[in-house]
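Report on the following structure.
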Amino acid sequence: MTNESSSAPNFIRNQIREEIEAGKVDTVVTRFPPEPNGFLHIGHAKSICLNFGLAEQFGGDCHLRFDDTNPAREEQAYIDAIKADVEWLGFHWAGKVRFASDYFDQLYAWAQHLVREGKAYVDDLSPDEIREYRGTLTEAGRPSPYRDRSPEENLDLLERMRRGEFAEGEKVLRAKIDMASPNINLRDPILYRIRHASHHQTGDKWKIYPSYDFTHGQSDAIEGVTHSVCTLEFEDHRPLYEWFLDNLPVPARPRQIEFARLNLNYTVTSKRKLKLLVDEGVVDGWDDPRMPTISGMRRRGYTPASIRKFCEMIGVTRAEGGMVDIAMLYHAIRSDLEDNAPRAMCVLKPLKVVLTNVPEDHDEAFEVAGHPARDDMGVRRLPFTREIWIDADDFMEEPPKKFFRLAPGKEVRLRNAYVIRCDEVIKNAAGEIEELRCSVDFDTLGRNPEGRKVKGVIHWVSAAHAVPVEVRLYDNLFQVEAPDRDRDVDFLEHLNRDSLTVVQGCAEPSLAEVAPETRYQFERVGYFCADRHAAAEGRRVFNRIVGLKDTWAKIQKKG
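Using the numbering used here, the letters of the sequence shown correspond one by one to residues 9 to 567.
Structure follows, in structure tokens:
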């Protein structure tokens with residue numbers, strides 16, 4: 009995400025450039041701090057591209073640091089998936105992978121420092137009581153009856169909390185700031201909670217775990233982060249972020265900058281809701297190709313370059329609430345694959361065609377470019393035989409006026425081959441079409457027929473050489489633009505029941521042996537990717553990435 013020529017706005021990039029030119033910043037250090045409680049989604053991709061892209065552009069470093077302060081919701085599998093996603097997108101973090109838990113000892117020492125300074129205390133109020141005492145947006149909060157405990161008593165209680173002497177929820181450590189502050193985040197926020205949970209990094213060492221607010225700024229300071237970039241929901245937390253830096257002996261002073269998160273239509277990006285889709289079996293795991301997770305998009309066939317391009321296109325602003333059209337994402341992947349995906353032919357709804365004037369032992373093959381504009385993709389061989397498959401949608405017995413495909417008595421060109429004419433339709437006892445009898449004009453290879461115009465071109469595959477493939481046709485998982493906007497309606501009510509259709513198709517021989525995640529344009533059909541899970545099992549399965557029609561590009565031209 010470092011393209012200086014992009015017209016998309018990026019106010020953070022502009023700010024950092026101005027700071028460097030003014031001598032306020034020497035070396036830029038950013039960080040990407042995911043919580044390992046689920047897989048990353050397209051919104052995280054924007055943050056990854058932003059943080060790593062800024063570091064790349066200004067010759068600095070970007071850290072990968074896991075915000076692992078809630079062991080009850082975190083798993084090593086999520087850590088491994090997040091690392092793989094960042095690397096797959098083409099980014100490399102500086103130094104080792106970092107964890108907030110690396111700093112638990114220092115954070116605890118700083119908590120003790122606040123207690124000694126009279127700026128933190130152990131509170132015995134229950135979670136419900138804490139919420140009640142905190143007040144509302146229009147009413148000031150009330151001080152806890154335990155707010156004035158002595159530093160000595162608080163230090164003792166805190167240490168006993170750390171040793172696990174109290175039950176979960178029995179006590180918390182809170183900062184002593186201002187219960188009347190108009191910013192609720194400053195009304196004595198919680199610094200530590202008791203959790204009797206084993207941690208994936210620290211084991212059973214800790215019985216208390218720090219809050220995100222208490223962890224984040226200090227971790228940034230320890231690492232020498234210069235720009236702590238986060239989404240706008242943390243804007244109201246910035247005064248608290250700065251309060252901790254002001255009141256602790258931290259080694260550096262990072263600056264928090266907020267930007268608008270990505271809102272993509274026909275999509276949900278709440279980790280809780282994505283996990284529900286997985287847990288309820290609505291989708292086939294976190295990397296289901298219908299999921300907006302980075303691993304799901306990878307499995308569907310998106311390229312790292314297309315996701316990075318999309319993130320650059322949408323820009324970085326502070327304007328909250330705007331919805332990005334998913335057609336822009338589809339445009340980004342089409343643009344990439346149009347230039348880089350080899351071509352192939354695959355029939356999704358096979359209809360047999362017998363070419364009656366082609367001998368049964370006819371042996372002919374056409375050499376066709378792997379890509380019309382890429383000599384480096386070589387050629388592929390298309391056998392031509394008496395029996396072929398065409399797509400059933402390319403034939404109509406009673407076609408409308410502008411149907412330029414095959415019909416009784418009508419001609420059409422087979423892609424990269426001859427012109428054929430439909431002479432007879434063969435049906436079964438139920439009246440269903442079983443096959444077509446057609447004739448070939450052998451004088452039309454590479455040239456138009458004499459004295460007549462043939463407008464239609466259809467794809468085809470030799471029946472004798474066809475490779476059976478399973479093709480999964482994916483569509484948007486939700487059928488409304490904002491599936492989780494209405495709080496009175498369960499977002500699952502908006503599921504698109506036709507988000508996945510599985511068909512058994514016939515492909516040209518070049519698709520017999522395909523490496524996992526190889527992407528193709530199936531001519532006249534769309535862009536497809538060899539499913540990596542199926543390939544590992546020795547099965548030929550292709551996922552539709554996106555169709556050929558680019559609605560977003562047309563909208564842009566009209567604008």
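Backbone N, C-alpha and C define an ideal beta-carbon position, used for all residues, glycine too.
| query | result |
| --- | --- |
| Start-to-end residues for the alpha helix (DSSP H) that takes in threonine 223 | 220-231 |
| Under the three-state DSSP convention, the category isoleucine 441 falls into | strand |
| Isoleucine 553 classed as buried or exposed, judged by whether at least 16 other C-beta atoms fall within 10 angstroms | buried |
| Residues of its chain near arginine 236, where Cβ-Cβ distance is below 6 Å and the 5 sequence neighbours each way are ignored | The residue you asked about is not arginine; residue 236 is serine in the sequence shown. Closer than 6 Å at Cβ, skipping near neighbours: Asp228, Pro262, Gln264. |
| Buried versus exposed, by CB contacts within 10 Å (16 or more), histidine 245 | buried |
| Range of the contiguous beta strand (DSSP E) that encloses serine 189 | Serine 189 -> no beta strand (DSSP E), and no H or E assigned at all. |
| Distance, arginine 106 Cα to threonine 10 Cα | Confidence is the limiting factor: at threonine 10 the pLDDT is only 44, short of 50, which leaves the residue's position unreliable, though a coordinate-based value still follows. Going by the C-alpha atoms only, they are around 24 Å apart. |
| Contact set for tyrosine 200: own chain, Cβ-Cβ below 6 Å, skip 5 residues either direction | Leu181, Ile216, Pro218 |
| Proximity below 8 Å, CB of valine 387 to CB of alanine 400 | no |
| Spatial distance of tryptophan 397 from histidine 100 (CA atoms) | 47 Å |
| Anticipated Cβ contact below 8 Å, tyrosine 274 with asparagine 551, distance rounded | Rounded, the Cβ-Cβ distance is 18 Å, inconsistent with contact. |
| Cβ pair threonine 234, isoleucine 50 closer than 8 Å | no |
| Meets three-Cβ-pair contact criterion under 8 Å: the segment 503-512 and the segment 474-494 | yes |
| Beta-carbon proximity check, valine 362 vs arginine 421, cutoff 8 Å | no |
| Simplified DSSP state of valine 286, which is helix, strand or coil | helix |
| Among Tyr426, Gly61, Ala53, Arg307, the one whose alpha carbon lies nearest that of asparagine 22 | Gly61 |
| Delimiting residues of the beta strand (DSSP E) encompassing aspartate 131 | 128-131 |
| Rounded C-alpha distance that separates phenylalanine 112 from lysine 213 | 10 Å |
| Spatial distance of proline 17 from aspartate 93 (CA atoms) | 25 Å |
| 7 Å CB neighbourhood of glutamate 26 in its chain, flanking five on each side removed | none |
| Cutoff 6 Å; reference cysteine 514; Cβ partners in own chain excluding five residues on either side | Val355, Pro358, Trp397, Val469, Ala474 |
| Contacts around glutamate 176, its chain only, beta-carbon distance under 8 Å, and the 5 residues preceding and following it disregarded | Arg201, Ile202, Arg203, His204 |
| Where the beta strand (DSSP E) through proline 358 begins and ends | 358-363 |
| Assigned exposure category for aspartate 287 - 16 Cβ within 10 Å defines buried | exposed |
| Simplified DSSP state of aspartate 384, which is helix, strand or coil | helix |
| Run of the alpha helix (DSSP H) containing tyrosine 535, from where it starts to where it stops | Run containing tyrosine 535: none in the alpha helix (DSSP H); it sits in the beta strand (DSSP E), 534-538. |
| Beta-ladder partner(s) of threonine 38, from DSSP | Cys70 |
| Start and end residues, beta strand (DSSP E) containing phenylalanine 550 | 549-554 |
| Proximity test, tyrosine 116 beta-carbon vs the ligand COA heavy atom, cut-off 7 Å | The model depicted lacks the ligand COA and carries no ligand whatsoever. |
| Contact check, alanine 415 vs alanine 327, beta carbons under 8 Å | no |
| Where isoleucine 20 sits in the DSSP three-state scheme | helix |
| Supposed contact pair tyrosine 535 and glycine 304 - C-beta distance, whole angstroms, cut 8 Å | Actually they do not touch by this definition, with Cβ atoms about 16 Å apart. |
| Through-space distance from serine 206 to leucine 122, alpha-carbon basis | 26 Å |
| Where alanine 544 falls, given that 16 or more other Cβ within 10 Å makes a residue buried | exposed |
| DSSP-derived helix/strand/coil call for alanine 352 | strand |
| Cα-Cα separation, alanine 490 to methionine 331 | 9 Å |
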